[in-house]
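K.L.:
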Amino acid sequence: MLRKSALWIAALQLVALAAYAHVDLIAPCARYSSAPGCPPPPRGQSIDYNTNAPISSNGINIQPLCKHSVPYAKRTVYKAGESISTGYGIGSSHGGGHCQWALSYDREKTWVVIQTEIRTCLQGTVAGQNVKIPVTIPTDAPSGEVTFMWAWINAVGVREFYSNCADIQVDGRDGGSISGVELLLSNYNTTYDLIPEFPNPTDPDGHELFDARKPITISVKGSGSSITSAPDPSTSSKPNKNAAGRGWHRLQSTLFFISTFFVFIPLYM
Ligand SMILES: *[C@@H]1O[C@H](CO)[C@@H](O)[C@H](O)[C@H]1NC(C)=O
């Protein structure tokens, strides 16, 4: 009986998580997106009907960054300096939050963040709304096959981290480097800080963690040959972690667990 209840709780938790889901990148198409106009997934992969689900919940990692690692066969081409009109499928916008947009020239090993929106990202958007956010590819971005990531930390609700990736081709300089800051991971797993909910303007929102992101410069080899890149060793850094973050993580996980009982126990009575 107890076992059955535990299974029900787990199942209902999954349903609850799915129901809270949420937002995804639909332009350019996130990998294997079911959004209208998106290409079929690459061979051997299937359509992902849950591109709008977070990749972690309460500091518990569910999926890797990007969710999927095999790129689309065909890439959307953008010129360096071009502004991409990025589009989002809104299910629930969780009071908005922090967005980062990042590029990887080495198949998701190294990320350089090219744009950040603290706190107000997707704030006030409603289900079904056609939301567009312009993101500019830096004018000095080298040419190459690039993974474009949208990452989001929600303001309200279960502490989550979202990550969708699109496969693009940048038409820019022949080789060179691109600079920005490192990607901030949070709410992802116990290696990283947990940013508590920040529904009110005065609530701590972890913005200082964003301010502290280290600069990063990525070098890209030119002349159309195989693209390789590496972070500048002088700027690479270790993940952020502090005692406060860990404390929050435990507290939030515990509260979530306890709240599950209060919500679901009446169902068995
Ligand atoms: C957390 O995620 C990072 C990045 O994927 C990984 O390197 C690290 O090993 C993970 N840590 C734990 C405790 O799972």
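According to mature numbering (1 follows the signal peptide of the UniProt record, and there is no 0), the sequence shown holds residues -21 to -1, 1 to 248 in order.
All residues carry an ideal CB built from backbone N, CA and C; glycine is no exception.
1) What does a CB cutoff of less than 6 angstroms around residue 60 pick up in its chain, not counting 5 residues either side in sequence?
2) Tell me whether the region 139 to 147 and the region 1 to 10 touch, counting them as touching only if at least three CB pairs, one residue from each stretch, are closer than 8 angstroms.
3) Could you give the C-beta distance for residue 176 and residue 134, rounded to a whole number, given that I count them as a contact under 8 angstroms?
4) Check whether the Cβ of residue 141 lies closer than 8 angstroms to any heavy atom of ligand 1, and answer yes or no.
5) Where does the unbroken beta strand (DSSP E) through residue 161 begin, and where does it stop?
6) Out of 20, 110, 26, 120, which has the shortest C-alpha to C-alpha gap to residue 198?
7) For residue 108, count the other beta carbons within 10 Å of its own beta carbon; 16 or more makes it buried, fewer makes it exposed. Which is it?
8) Can you tell me which residues form a DSSP beta bridge with residue 77?
9) Among the residues of its own chain, which have a CB less than 7 angstroms from the CB of residue 123, if the five just before and after it don't count?
10) Output yes or no for whether 9 angstroms exceeds the beta carbon distance between residue 166 and residue 140.
11) Exposed or buried, residue 33, counting other C-beta atoms within 10 Å across all chains shown (16 or more means buried)?
12) What residues in its chain sit with their C-beta under 6 angstroms from that of residue 25, if we drop five residues either side in the sequence?
13) Taking C-beta to C-beta, are residue 111 and residue 6 nearer than 9 angstroms?
14) Using a 10 Å radius around the Cβ and a threshold of 16 neighbouring Cβ atoms, would you call residue 31 buried or exposed?
15) Does DSSP put residue 190 in a helix, in a strand, or in coil?
16) How many whole angstroms separate the CB atoms of residue 195 and residue 158, which I take to be in contact at a CB cut-off of 8 angstroms?
17) Determine the DSSP secondary structure at residue 89, reduced to helix, strand or coil.
18) Using 9 angstroms as the threshold, is the C-beta distance between residue 132 and residue 105 below it?
19) By a C-beta neighbour count over all protein chains shown, 10 Å radius and 16 as the cutoff for buried, is residue 81 buried or exposed?
20) Return the chain-ordered list of same chain residues with a C-beta closer than 8 angstroms to the C-beta of residue 65, the five sequence neighbours on each side being excluded.
21) Report the three-state DSSP secondary structure of residue 38 (helix, strand or coil).
P.N.:
A quick look at the data gives this:
1) For residue 60, where only same-chain residues beyond five positions count, the Cβ hits under 6 angstroms are 118.
2) Contact holds: three or more Cβ-Cβ distances are below 8 angstroms.
3) In this structure, residue 176 and residue 134 form a Cβ contact; the two beta carbons are roughly 7 angstroms apart against a cut-off of 8 angstroms.
4) Residue side-chain check: residue 141 keeps its Cβ at 8 angstroms or more from all non-hydrogen atoms of ligand 1.
5) Judged by DSSP secondary structure, residue 161 falls outside any beta strand (DSSP E); it is assigned neither H nor E.
6) The residue among 20, 110, 26, 120 with its C-alpha nearest the C-alpha of residue 198 is 120.
7) It is exposed - the Cβ of residue 108 has fewer than 16 other Cβ atoms within 10 Å.
8) Answer is 132.
9) Around residue 123: 84, 149, 199, 206.
10) When the beta-carbon positions are compared, residue 166 and residue 140 come within less than 9 angstroms of each other.
11) Only buried fits residue 33, as 16 or more other CB atoms lie within 10 angstroms of its CB.
12) Excluding sequence neighbours, residue 25 sits near nothing in its chain.
13) Residue 111 is a Cβ neighbour of residue 6, given a cutoff of 9 angstroms.
14) Per the 10 Å Cβ criterion, buried.
15) It is helical.
16) Yes, they are in contact, since the Cβ atoms of residue 195 and residue 158 sit about 7 angstroms apart, within 8 angstroms.
17) Three-state DSSP puts residue 89 in coil, outside helix and strand.
18) Residue 105 sits away from residue 132, with the two beta carbons spaced by 9 angstroms or more.
19) That one is buried.
20) Around residue 65: 4, 6, 7, 80, 111, 112, 113, 114, 129.
21) Note: residue 38 maps to coil in three-state DSSP.
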